[in-house]
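Below you'll find the structure, written out as structure tokens, and then a few comments.
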Amino acid sequence: MAGVTIQEFGLRFVQECMKNYWGSCLFPAFFLAGILFSIFYRKEKEGRVFVAYTLILFLTVYNPLLVKYVIPKLNFEAVYYRFFWLLPVAAGLAYYCVRLVLAVSNKVLKGILAVLIVLVLVCTGTPLKSVMAVENLPENAYKVPDDLIFACEMIHQDSEKENPRVVFDQGMNTLARQYDASLILCLNRDFVLFRNGSTVVGHYTEENDAYRLQKRIMDVVMFQEEVEIPAFQRALNYVKADYLVIPVAFSKHEYLQAAGCEPFAENGNYVIYRYKSET
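Take the sequence shown: its position 98, counting from 1, is numbered 80 in my numbering, and each next residue is one higher.
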């Protein structure tokens, strides 16, 4: 998690991560109240599964002593917050809210209580700024840009390889792997994030050959910076690029062609280039 390190916080690392992860949301507090209810109310049996599950989590992945010594060795410090997904807050809240409503016998009071619970959850949770903006409606059933579907179709029609290697621009690099797993992305996800200023994916320098070479490609394709053509070609050869998917608005199309990239398809928004890597 950005800005939270075991070196700085030590045994308070888990606490700080939890605080940053949940923010001002009170759902964990409500879930804890439900856990206490299951522990001390003898007739409450079904909810004890949440008690046992939560206890196991706090003895293992949420245990400050274990985390302090184990997580750094696994190089998992930056993404430790993902362990909080294991805590069944949503399922637990749903169960305890229903349990609370069913405890009332009067139907009218049940309805009123249900409405109050919903209001409390809405007011104490973390609301979305916009559930659905009209301008962001998905373009297709796959919920990815039509340009991405076009690029993938053109590449598969043109390529004889089952898994062609592709350089995508910044906007499509992450989406591509979600839509078409048969494509091999030439640019490492963490390298792209780091080149864009992320502080949660590690630190890379020019001494890292893989990062240095991929950075040359990113400098050209994503940031339209000047890179000597032979150096750019060496980088493309290193990642064994077969195709490049570049926006029409890109300012260096002539540069790409001079580097040996051959345009073969275009849809008005993107140009698909073919490249023969030297092995």
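Backbone N, C-alpha and C define an ideal beta-carbon position, used for all residues, glycine too.
Note: Pro229 is bridge-paired with Tyr252 in the DSSP secondary-structure output. Secondary-structure assignment with DSSP links Glu244 through a beta bridge to Arg256. Straight through space, the alpha carbons of Thr(-13) and Gln215 are spaced by roughly 39 Å.
As the crow flies, the alpha-carbon of Asn145 is around 23 Å from that of Asn249. Phe176 sits away from Gln196, with the two beta carbons spaced by 7 Å or more. Taking a contact as a CB-CB distance under 8 Å, the pair Tyr252 and Ala158 does not count as one, their CB atoms being some 12 Å apart.
When the Cα atoms are used, Gln139 and Arg147 turn out to be separated by approximately 14 Å. For Val149, DSSP records a beta bridge to Leu226. The beta carbons of Gly16 and Tyr78 sit closer together than 7 Å. Annotated as proximal: Pro46 and Val(-4), with beta-carbon spacing under 7 Å.
Here the alpha carbons of Trp4 and Asp162 stand approximately 33 Å from one another.
Runs of the beta strand (DSSP E) lying entirely within the stretch 126 to 214, each at least 3 residues long, are 147 to 150 in chain order.
As summarised for the stretch 55 to 90, the continuous alpha helix (DSSP H) elements at least 4 residues long and confined to that stretch are 71 to 84, given in chain order. Under the three-state reduction of DSSP, Lys234 is assigned to coil, being neither helix nor strand. Taking every protein chain shown into account, the CB of Arg198 has 16 or more other CB atoms within 10 angstroms, so this residue is buried. A buried status is given to Tyr44, since no fewer than 16 other beta-carbon atoms sit within 10 Å of its beta-carbon. Contact between Ala247 and Cys168 does not hold, since their C-beta atoms are separated by about 18 Å, which reaches or exceeds 8 Å. Here the alpha carbon of Pro229 sits roughly 17 Å from the alpha carbon of Ala241. Secondary structure at Arg30: helix, using DSSP grouped into helix, strand and coil. By the C-beta density criterion, Ile254 is buried, having at least 16 other C-beta atoms within 10 angstroms. For Tyr124, there is no enclosing alpha helix (DSSP H), as DSSP gives it neither H nor E. Annotated three-state conformation of Ser6 is coil, per DSSP. DSSP places Thr36 within a helical segment (H, G or I) once states are collapsed to three. Rounded to whole angstroms, the gap between the alpha carbons of Val126 and Phe19 is 44 Å.
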